[in-house]
Every structure is written in C-alpha cells, then in structure tokens.
Amino acid sequence: MPSELNKLTIAEASTLLRKGEITALQLARDCLDRIQAIEPKLNAFITVCEKEALEQAHAADRRLKSNEAPALCGIPLGIKDIYATRGVRTTCASRILGNFVPPFDATVVERLRAAGAVFVGKTNLDEFAMGSSTENSAFGATLNPHDTERVAGGSSGGSAAAVAANECLGSLGTDTGGSIREPASFCGVVGMKPTYSRVSRYGVIAYASSLDQVGPFAKSVRDAAIILRTLAGKDPRDSTCSARAVPDYERALTGDVKGLRIGVPKEYFVEGMQPEVEKSVRAAIKIYESLGAKAVDVSMPHTGYAIAAYYLVATAEASANLARYDGIRYGLRIDAEDHIDLYNLTRAEGFGAEVKRRIMLGTFALSAGYYDAYYLKSQKVRTLIRRDFERAFEKCDLIVTPVAPTTAFKLGEKMNDPLTMYLSDIFTISVNLAGLPGMSIPCGYDEKNLPIGMQLIGPPFSEETIFRAGDAFERAGSFKPRPTAV
Amino acid sequence: MNTEAYEAVIGLEVHTHLLTKSKLFCGCSTTFGAGPNENVCPVCMGMPGVLPVLNRRVVELAIRTGLATHCTIAPHSIFDRKSYFYPDLPKGYQISQYETPICKGGYIDLPSNGDGQPRRVRLTRIHIEEDAGKNIHAAGASLVDFNRSGVPLIEIVSEPDLRSSADAGAYLRQLRAILRYVDASDGKMEEGSFRCDCNVSVRKRGSQEFGTRTEIKNLNSFRFVENAIDHEVARQVEIIEAGGRVLQETHLWDPARNETRPMRSKEYANDYRYFPEPDLPPLIVAPEMVESIRATMPELPADRRARYIRELALTDYEAGVLTADRDVADYFEAAIPGLKNRKSAANWVMTEVLRVVHESGKSIGEAVPPASEIGALLRMIEEQKISLNAAKMAFAAMVKSGKGAEATVAELGLAQVSDEAAIAAACEKIIAAEPAKLAEYRGGRDKLFGFFVGQVMKAMGGKANPKVINDILKQKLAG
Amino acid sequence: MAETRITLEQVRHVARLARLQLSSSEEESLRGDMDEMLAYVDKLNELDTTDVPPTAQVGEAGTPMREDDVTNAPVAEEMLANAPSRERNYFKVPKIIE
Chain A
172 MPSELNKLTI AEASTLLRKG EITALQLARD CLDRIQAIEP KLNAFITVCE KEALEQAHAA
232 DRRLKSNEAP ALCGIPLGIK DIYATRGVRT TCASRILGNF VPPFDATVVE RLRAAGAVFV
292 GKTNLDEFAM GSSTENSAFG ATLNPHDTER VAGGSSGGSA AAVAANECLG SLGTDTGGSI
352 REPASFCGVV GMKPTYSRVS RYGVIAYASS LDQVGPFAKS VRDAAIILRT LAGKDPRDST
412 CSARAVPDYE RALTGDVKGL RIGVPKEYFV EGMQPEVEKS VRAAIKIYES LGAKAVDVSM
472 PHTGYAIAAY YLVATAEASA NLARYDGIRY GLRIDAEDHI DLYNLTRAEG FGAEVKRRIM
532 LGTFALSAGY YDAYYLKSQK VRTLIRRDFE RAFEKCDLIV TPVAPTTAFK LGEKMNDPLT
592 MYLSDIFTIS VNLAGLPGMS IPCGYDEKNL PIGMQLIGPP FSEETIFRAG DAFERAGSFK
652 PRPTAV
Chain B
234 MNTEAYEAVI GLEVHTHLLT KSKLFCGCST TFGAGPNENV CPVCMGMPGV LPVLNRRVVE
294 LAIRTGLATH CTIAPHSIFD RKSYFYPDLP KGYQISQYET PICKGGYIDL PSNGDGQPRR
354 VRLTRIHIEE DAGKNIHAAG ASLVDFNRSG VPLIEIVSEP DLRSSADAGA YLRQLRAILR
414 YVDASDGKME EGSFRCDCNV SVRKRGSQEF GTRTEIKNLN SFRFVENAID HEVARQVEII
474 EAGGRVLQET HLWDPARNET RPMRSKEYAN DYRYFPEPDL PPLIVAPEMV ESIRATMPEL
534 PADRRARYIR ELALTDYEAG VLTADRDVAD YFEAAIPGLK NRKSAANWVM TEVLRVVHES
594 GKSIGEAVPP ASEIGALLRM IEEQKISLNA AKMAFAAMVK SGKGAEATVA ELGLAQVSDE
654 AAIAAACEKI IAAEPAKLAE YRGGRDKLFG FFVGQVMKAM GGKANPKVIN DILKQKLAG
Chain C
141 MAETRITLEQ VRHVARLARL QLSSSEEESL RGDMDEMLAY VDKLNELDTT DVPPTAQVGE
201 AGTPMREDDV TNAPVAEEML ANAPSRERNY FKVPKIIE
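Protein chains in written order, with the working numbering: chain A, 172 to 657; chain B, 234 to 712; chain C, 141 to 238.
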C-alpha cells in the first residue's frame, strides 16, 4: 500500500481503489488523521464529520467491489459550510446559524452522496461567503498552509486550504466574486468556477443569487474535471439551472492547444500589482505559445468599473437573501418584548461586521430614492462588462489573466480597510458579473514561496476548453508544485 | 353636513387564492384546514439555500382570469422581491410582480343599474404572488403557522372607477363570479381565499382631482366592504367639512365596532425595496399558450347575462341573479329544455331553488335535486298535471328524499284530476246537496260560483284541475 | 471633510429597514464605511448608460414551470426541529401588534 494516501490525486486514488490496492476506509482514515494533526494550525474545518465519513467510506468499499462504482466513490472531500447537509450542522460561518441542522441536502451534496463520495467535514469560509480572506468567520480565520501568518483567501478559504494541506482530495467551494479562484490561487490548488447556471444552487446558502456559482477545488485540473462532471447539470429545483447536456470533461483533456487563441487583456496587467505575479502569468502565456497556441491582445475597457458594480449588485441581493435570518423558524434568537425588537437584536447579535456592512449597503442601494442611482446603474454597467467579454471572445477562445494582484496577504492586513479588501477581487469579479466560467491554476511562486495563480476565462459553457488548456499547462511541466509548509 | 356635495372615489385590490393542488413555488399541498405546519417544506419555510420553481397551473389560471377580464397578457413578465419583515413571511420578502405583471389593462362590466347600460370598471393589472403564513394571536404570545405560506395568489387591481359602496359590492360580486367561471378561485371570503383592500377618497362632486386616500384592510365579507366604505366616506367628509385634512394612512376594519381605525403597530414606513427576483428567470408566455387557454374559456357572466336578456327575454335583474354563479346558471340551463315558459323557470330557480341552496349553506349540486328533475316538475305544471302549490310541496319533499319528480308527485298523490267524468260526478253531487244555493245562484247571485268550486275542490281532495271544474260547473249550474 | 454621501440619520433609517440594532459606535463606523463605498461607486457615473439595458440575470431566459402536483409529504416535526421556540406544532413569537 502506498504511504501518505492523503497526498494522492483523485484520479490516482480512484485507480488504486478500483484495483483494490487501497480501501476507501484507509483513505478516509488517513485524511481524518491528517485533519486531526494539522487542524490546530490551519482551522480549515468548522465541523469534522469523522463518524459519518467512516460510514460513507465503509459503504463505498462495498460498492467498489461491484465494479460499477463512479469515479468519486470512496474519495474524501471537504464541503464548504455553505452547503445544506442533511442532519449535519450547517453554519455558513455565522453565529446566526450556529445551531442550524438542515432537514435536506443541497442538490450537489445529494449528487456527491449518490456518487459514493466521502465527506470528511464542513469547511470554513467568510461568513455568508462575504470576504476575500476567510477572516470574517465566526469560527476564526483559516490560515494559509504555505505560511500560517497569511490568509488562505476567501471566501472558500477552508476548502482551498484543506486540499492544499492534503486534509482531503478535493472540495467544494462557491464563487460569487472570486471566492473559489482567489483562495485557490493563494493556496496553490486548482479552483474552477463554472458558467453561471451550469451547476444547481439548490441548498447552497445564497449570498448574491445572480452571481453565486458552485465549483470544485482539486490538486489537478483532471481532478477538478472529474468533480465538476458529477456536480453539473439540470436540476428541477433550481429554475436558473441550465438544461444543457453535461460533456465528459475528462475526455476533453487531450493536451492539445495548437491554434488556441489566448486573449491577453491589457487592463489585467496593471501598475501596483506584485511584479512576480505578472512575471509568472506572462511566462505561462509563453508556455502556451510554445505549445502552439497564439497570444492575442484584447481590451476590456470597463474592467475598472467591475468592483463598483459588483458591490452594489451583490449587496442588494444579499440584503434580501439574508432577511430570512430573523430568529423565528431556526437559528439564533435573542428574545425581546415584541417581534420587531426580536429581529433587531437577533440580527445585531447574529451577524458579523462585514455582513452588516453589506446588508446596510445593499439595503441603501435598493431603498426609495436611491434605486436608480445605485442598483439600476450597476445593472447597466453589468451589461457593459458582459459586452466587453463578448467582444473579446470574437478575437480569442480563452482569456488568460492573473487571479489576484498579489499573493496571499498577512492576517489582519486588510481587515480595517474594507475597500482595499474588496480590491483584491479586481481580476475575478468581472467573470461573475458576466456569468462566465473561470479557473485558477497554480503557475508559479513568489520569492516568499507563496503560490501564484493564473486565471483562464472562457465564453459561457466553454468548460471543456478551459480544462483542456489548464491540463495542457500542467502537462508542459514547467511549473513544479512545492509542498506546503504545514 | 352636506354629504350630497361629495362623491366617493374607490379602487379595490383583491387578492384571491388560485385553485391549485400545490403551492406557487413548491410541491406542498394547498389544502385548507390541515394541522399547523403540516403543509410546509424547506422552500415555503424559507430555509437557507432553497429556491422557487413556478407552478404552471398558476400561470394558466392567471391567464384565464386575464382573458376573462379583457387584459393584455404579457409575453414577458418578471418576478420581483418585495421586502418587509413579518413573522409570517419566511424569507423576509414576498415573491410578487411589480413593474412587469402578467396581465395589464382590461375591464369588468357590471350589471346595469336598470337603465340597460353596463357600467365599465377598468383594471390596472393582475399579478401573481405568494401568500404569507398566518399569525395566530394567543395569550401573551403569537403563534405562526406556515401552511398558507407560498399558496398562490393573484392580485387584481382596479382603477379608481367606483363611486359608491354599492358599486364596490357589485364589482366584487362580478369579479368573484368571473373567477369562479374560469375555475381560478372558489371565492370563499370566509376562508380568506378572497380578500379585499379598499382605497377610498372623497372629492367635491364635479371635481376631477383626487382627494387624499386611505387604505382599508382586513375586509373579509362583502358586507364589511360596503360598511367600511360607507363609514370611511362619512368620516372623510366630516373631516373635510370641519376644515380638516384627511391623512394618507392604513386603516383596519373592526367589524365588532362597525368602524375603521388606523393601524397602531410600530411598523416602519413601507419601503419595499422591490428588485427583480434573481432566482427566477423572466416568465415567457408563448402566444400558443395563450391561444390554447383561450380555446378552453367558458362563456363569461357578462356574455351569458346578455344572452339571457336577448334570447330568453329575462330582465336585467333576473339575468344578473342567475348568472352571478356559474353553477346556478348551468343549473338553470339544464332545467329549461322542453319548457315553454322560461321566465317562470327562471323565477322558480331564483326563489325556490336558491332559497334552499342558501339555507343549506351547500353548493347547488349538493343542496337540491338535479336540474333535470326540476325541469320535469316544471313541465308538469305547464302540462297542468299538478298545481303550483302541489309543485312546491313536491319540491320540498324531493329536497328531503332525493327522489325524482314523477315518483314524488305519485307518492304524495299530488297529481291533478282532470278526468271530466269524475269531476262531473262530483259537481252533480254538490249541486244536488245544495238546492237552496243553486236557486240563489240561478236567481242572479253569481258570486256563489266560487262557493261551488270550493265545495267541488274539497270533495276531490284538492287535486282536481280547477279549469276543468270551472268549465263543468258553469254548464251544470246553468242547468 | 469632503462632501458627505450618507448622514448618520440615513444610516439609522437603513438600519431600521434592515432590522439591525446598531450601537452608536457601529453607526459611526458604518457611516464612514458606507460613505467611502458610495464615493468609490460614484465612478460608475463616469459611464453614460442612457441607452444601456440593465442586466439582472445572466442565465437562460424563460423560467421553467413545474406541473401542479403535490410532491411533499407532511413532515411538521422535521420543519419545526430547528425552532428557537415553539408551542405544539406552531412557531412561537412575542405577541404581534397590528
């Protein structure tokens, strides 16, 4: 039996499980041991599901003997604590849901269960996915496995760190403005945000419904493709979920990028970004060229307005999405004389500072007299941003950019300056506004040995092209992943 | 106080439940009267992460109502979130339609005020929305039941075209009739499935401007609507006459005190912060969908009313009463084949049949014998087989027993005797027994004719055909 | 200080709409944060969007419609399991004044 099972990729583990060289129980045990050993340093999980995981692994082993087990059967995964999991506490990293146990599964959780996946636990996040560092968690920040004085990124920081530190083989995140891609970049793993509507959002606790999308973290592009294939596809419980057929993403991984036109937008290589980030991404583009792809200059003139538009659209939707946390039917309640004070006190006590800030901004943007100036204006700018991409994709098949202007920053560095924190999403946010697929893959390290991510963006439903290009970069072998410090 | 100098300006907002099996956005039952929180699921409980999926039947019923009220059906309409906090509103917002409702424009024609001219009330819009749960006020606390949460509603908003409480009542009755005709709603006000808010203002007669309006809520019977409007109009006129100003506020109707009072809650001023519901893409209604629904539309009350007046020679009033309820009109039409006198059939249904229906509190289908049996009974009157009184007795018996007309008439022996020989024999017997009266009659006291008829009828047990008695007696008495 | 985009009174009004009880220091700091964000988003006004239609959603148009079938069995107990306060099968709240 190979040692350190937790270091395996999903593709590797799946083969070994099928051959009977390892068992799902051994694999789960190894990840749970790793979790136990390093969680005090990382805090990637809010809830570890040891008992449930071992039961699932046991069932997976029985199924693996039947030869009809799906690729994810017996694979230990981390689930962002934003997904409803039947019978398992689901907090969204908020005090207001601290004791909430959903009586239902999110659609993707149900699909992973049906595929025989093993859930080792619920991972940490910024409260209600509002943040870029996982510092806004009622359960404490998740630390970066490459440097525990630094953030893991956010909001899906727990899911990214858990995969980077081999606590699980893959994980689920959600991405509203970069919440998969930025922590993937900071932690040095692959993070895929699919096209809006590609994956069901049912049972995913909503932050901003028109932007939220489900996606995987993995150690390789192939693993991300394997997970996404199980997640994607029509769901009768999500009216915004596309009915388009789901391709077999793994079969798209041909390694061939000859003739692929790679767009390089000048607005994504700006002054003030960390020089090593630009260097690494430009080097990656050179590698694509060496593989037969063609780099073309494109321009997206409205990029600079994306953050402003995003923080109006997202907070407006959030202000309504979070109205249900009122202390009546579930979650925290602070008792009061009348129902209005009950609301005021419960919500004051239950929400953290960043969530309050966004609820306030969103409520203001929708309120009488300000709707047109703020909310409607931002929706119009959203149209301009979509058009930028449409025009760019007339000239290219994929767009390559950095994921974030910097590598992982220090804990607390941006906590007192919300706007600066928001600006760390400058390269990822437009993709959500336009509803496009975008993937973060590791492409280098800075001089402090912190990972750098490159972002591949495609037109709607171009996941196959993105996976193919990402996989081709990995195969080129110029980038060598380094072990984490933890 | 010079009330005559003022006129009321009234617009109504009617919320009605739609007759669907399941809720608007989830597969929970809409059955009325289930145990508390039995018909609920994560979706209509507003649990974290849940999403709405639209019920096709709701769209169909909204379109049926729109077509029945001459609305334009929007090919593209949008759901919006209407935000406010209330314990019975699980998500903190209601999914409704704001700027782009499914139906726009349209009108309802009310029965005329006797001058034969229908009165047209314009509709602003009809939109789809979800109902909230129910707060039950208990001692020291309130209890919340979410069974009603997510039950489909349409809101039908009229223009301020109504000028009196009677107008408002007529509008509501007509609207309810339409909703029932198109199978959209049962219109049961007492179960809260048909609710009305009134916007009321007053102005000097002749003025084109609108006064400040108040909104009256909590109106769950036609009588309350009419009473509340009368009360509110008088209140506003009084304020204006006294030199005061009407405040724009929301009042609740208090049926116990027969008055309206301003809501006293400390709810903050409404700012519903509508915005497009991101969890539901726009609703697209293809022209084919509208056309296939149009093909299944029944004849509507106004058309039926006009047809009764035109073809059956009924009055405005009669046609109005009979068509107010689709089941009653259907019953009437099923009773009249083969009858010569439709007017008396109409009267029979309006008086005898509807009295039993109202007294029983049941539907017409359950309360009275089938229309065909009433038709049979009416035919017996026309054919002089039974008297009118006998028919009433037979009807009462049929309601109780559920037996047919023929059988009941036979069983109770109500058939009229038209056998001339038997009647002649009875006449002769009476004449023979009353020689003195006969002499008086022949002497010129014509009035005694009635006496003889009465005696013969009595001898025949009240069942003889009075016309035959008359004819025979006249001959015999004349000698 | 530059032009103020939001006053303390407006912050309090928005907090009432959002049902958030704020301490006075929270009111102050939120006013500052919101002011900064509103100043930042002012840059959107550099763009002429007169003839630009708004984008509310980026998925496919035409909401799917489900058939009118009852698919949920009554499970009151499961739905009430998370209730902070209940009485029999009701959710219990402080007395509501209309």
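We put the CB at the ideal spot given by N, CA and C, even for glycine.
Report the rounded CA-to-CA distance for residue i versus residue j, giving the unit in angstroms.
i        : j        : result
B/TYR501 : C/ARG152 : Below a pLDDT of 50, predicted positions are generally treated as unreliable, and B/TYR501, at 49, falls in that range; the measurement from the model is reported next regardless. Cα to Cα, B/TYR501 sits roughly 12 Å from C/ARG152.
B/LYS499 : B/SER255 : Reliability of the predicted coordinates at B/LYS499 is poor, the pLDDT of 47 falling under 50, and the value obtained from them is presented with this limitation in mind. One C-alpha to the other measures close to 35 Å.
B/SER454 : B/ALA371 : 24 Å
A/PRO247 : B/GLU448 : 59 Å
A/VAL621 : A/HIS317 : Just to set this straight, residue 621 of chain A is Leu in the shown sequence, not Val. Going from the Cα of A/LEU621 to the Cα of A/HIS317 covers about 6 Å.
B/GLY282 : A/ILE253 : 8 Å
C/SER164 : A/PRO589 : 20 Å
B/SER620 : B/ASN574 : 15 Å
B/GLY444 : B/ASP463 : 16 Å
B/ALA624 : B/ALA301 : 39 Å
For residue i, is the classification buried or exposed, using 16 other Cβ atoms within 10 angstroms of its Cβ as the cut-off for buried?
i        : result
B/GLN327 : buried
B/GLU237 : exposed
B/ASP679 : exposed
C/GLN197 : buried
B/ILE517 : exposed
A/THR534 : buried
C/ARG228 : exposed
B/LYS707 : exposed
A/ASP543 : exposed
Counting along the chain, where does the beta strand (DSSP E) carrying residue i start and finish?
i        : result
B/SER434 : 427-437
B/VAL377 : 374-378
A/ASN587 : Element bounds for A/ASN587: n/a, residue is neither H nor E.
A/THR345 : 341-346
B/LEU356 : 352-363
B/GLU492 : 492-495
A/VAL289 : 289-294
For chain C, is any of its Cβ atoms less than 9 Å away from the one on residue i?
i        : result
B/GLY338 : no
B/LEU245 : no
A/THR554 : yes
A/LYS548 : yes
A/VAL280 : no
Quick one: does residue i have its CB under 9 Å from some CB of chain A?
i        : result
B/GLY279 : yes
B/ARG290 : no
C/PRO194 : yes
C/VAL233 : yes
C/ALA216 : no
B/GLY282 : yes
C/ASP173 : yes
Per DSSP, which residues does residue i bridge with? Please list them.
i        : result
B/TYR174 : Past the boundaries of the shown model lies residue 174 of chain B; chain B is included only from 234 to 712, so the question cannot be answered.
C/TYR230 : C/GLU227
A/SER611 : A/GLY362 and A/GLN626
B/ILE243 : B/LEU395 and B/VAL433
A/GLY434 : A/VAL467 and A/ILE570
B/ALA697 : B/VAL650
B/LEU343 : B/ARG352
Does residue i have its Cβ less than 9 Å from a Cβ in chain B?
i        : result
C/TYR230 : yes
C/GLY199 : yes
A/ALA491 : yes
For the alpha helix (DSSP H) holding residue i, just list the boundary residues, first then last.
i        : result
A/PHE216 : No alpha helix (DSSP H) contains A/PHE216, which is instead part of the beta strand (DSSP E) from 216-219.
A/LYS548 : 548-563
Run the proximity test for residue i: is its beta-carbon closer than 8 Å to any non-hydrogen atom belonging to the ligand SAH?
i        : result
A/PHE275 : For the ligand SAH, the structure offers nothing, since it holds no ligand at all.
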